[in-house]
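Note sheet for the following structure.
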Amino acid sequence: MNRFCAAFGFAATLAVTGLLVSASAQNIQPTREQGTAQQFAKISVSEVKAVDYPIPSAQGPSWLKHLGLAVSQTRMGQVGGTDSLPASTHGQQQPTTGTPTPTGNLNSSIQRFLATFHSGSKPASEILDEKFVVAGSDLYRWNCQGCHGPTGQGATPEINSVLGPVQGTSPALTRKRMEARGLDVDDDMVQQVSELAEGSLRDRLQHGGKSMPSFEYLRADEVEALFGYLEKLAEVPPTKRDGLLVPESAARVGEHIVRGTCHICHDATGPGSGHMAMMQGTIPSLASIPKEHSLSGVVHQVQYGSSGMMKITGGEVMPAYPYFTEEEIAAVYLVAYSARP
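Residue 90 in my numbering sits at position 90 of the sequence shown; the count goes up by one each step and never skips.
Structure below.
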């Protein structure tokens, strides 16, 4: 019931403020020039009361604040690259045998959710929970690319590459490395060393490290799919994880990006981005963003980064994230909206 109220509350918010799309928009493919954002009116939703949308999301201070760093003092969250609109696998393939068979995709879920306003019907909360499949490459973009870059090489010396640790999980590559050092190896030793390397990598994902946040919110199947893509980046011989697909929903996509990328720099709650806050270099909290900015404005800000005014006033400059699609950013907006106090 809470989930339906939350979904309807958000739908009503957009309906009242004019964020409508026609049913014909459901098949539109987003581009840099024409996409979902063009159909979002540039309005404010500051007068709308927040709703309780029970999705586990980011909590507390940003990761940079946890580390005592300013945006200008680090490359974290800023090395995702400039490639735009990746060829996502949202809903284009089926998951592996033995898993549910989701249908649809993120784009249609977001667009149909908005299109319900035009029809006048109450948007079903189930739309936000509809399952579609995604690949490890999507999970990497949402959770890892901001710090480790599109190729996994990181930004040394501050951010380590993930390629070496992933290569260490491969028995074949481990054997080659050990033999290159002149070591006398056998199958049991190789297997033991590679298993220890994988265990260390899994522990880092689960618990984080000195400068790396924890990704304990990843499900077991998501971790396997992510490992499959990391192995591809590291040019590891294919394993059973290669090409794994997992079921997700629009709500879950938003949670991934909020926790894996946005929360690096943005506190969960706190001040917004008013003029004085900008002058003081305050980074707006996630909860304040949908209160002060339209969905179209957020889409533009995420894909293109800080405006010239932000740079002139000396505030913290937000990098561009062109590798997030408009629908993915819309999913983020839903999660951020739910976090408003």
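In this text, a Cβ means the ideal position worked out from N, Cα and C, and glycines have one as well.
Continuous alpha helix (DSSP H) stretch holding residue i: start and end
i	result
Glu126	Glu126 to Asp129
Gln73	Taken as a continuous stretch (DSSP letters only), Gln73 belongs to no alpha helix (DSSP H), as it is neither H nor E.
Gly146	Gln145 to His148
Ser306	First-last for Ser306: undefined, no H or E at that position.
Residue i, DSSP secondary structure in three states
i	result
Val79	coil
Leu139	helix
His253	Strictly speaking, residue 253 in this sequence is Val, with His absent from that position. If DSSP states are grouped into helix, strand and coil, Val253 belongs with the helices.
Glu326	helix
Asn107	helix
Pro290	helix
Tyr321	coil
Gly283	Correcting the residue identity first, residue 283 is Ile in this sequence and not Gly. Of the three classes helix, strand and coil, the one that applies to Ile283 here is coil, per DSSP.
Lys65	helix
Ser57	coil
Ala331	helix
His266	coil
Gly272	coil
Arg241	coil
Thr116	helix
Paired residues, beta bridge with residue i - DSSP
i	result
Val346	Outside the shown range of the chain, which is 1 to 341, sits residue 346, and nothing can be said about it.
Sequence-distant residues of its chain with Cβ nearer than 8 Å to residue i (five each side left out)
i	result
Ile127	Ala7, Ser109, Arg112, Phe113, Thr116 and Ala250
Ala331	Leu106, Ile110, Ala250, Ala251, Val253, Gly254 and Ile257
Asp267	Gly60, Pro61, Ser62, Lys65, Ile283, Ser285 and Leu286
Leu69	Met76
Cys262	Ala58, Leu286, Val332 and Ala336
Asp83	Pro150, Pro322 and Tyr323
Arg219	Val246
Glu179	Val185
Residues near residue i in its chain [Cβ-Cβ closer than 7 Å; skip 5 each side]
i	result
Arg259	Ser57, Ala58 and Tyr217
Ser170	Ser194, Val236 and Pro237
Pro213	Trp63
Ser211	Leu67
Glu198	Thr169
Ser161	Gly152, Gln153 and Gly154
Glu222	Leu139 and Val246
Ile264	Ser62, Trp63, Leu64, Met76, Gly77 and Gly146
Sequence-distant residues of the same chain with beta carbon closer than 6 Å to residue i, five excluded per side
i	result
Gln145	Gly80
Ser137	Tyr229
Leu233	Gly152
Thr282	Pro271
Gly208	Ser214
Pro319	Gln78 and Gly305
Phe227	Arg241
Glu316	Val71, Gly281 and Ile283
Leu163	Gly152 and Ala234
Pro150	Gly81
Gly174	According to the sequence shown, residue 174 is Thr rather than Gly. The answer, listed in chain order, is Val190, Val193 and Ser194.
Leu201	Pro165
Glu248	Val134
Pro334	Residue 334 is actually Leu in this sequence, not Pro. Within the same chain, Leu334 has close Cβ partners Gly254.
Ile329	Val299 and Val302
Gln206	Glu216
Would you mind listing the alpha helix (DSSP H) stretches within the stretch 201-237 that are 4+ residues and don't spill past its ends, in chain order?
Runs found: 220-233.
- request: Write down every uninterrupted run of the beta strand (DSSP E) in the stretch 153-210 whose length is 3 residues or greater and which is fully enclosed by it, in chain order.
  value: Taking only runs of at least 3 residues, no beta strand (DSSP E) segment lies wholly in the stretch 153-210.
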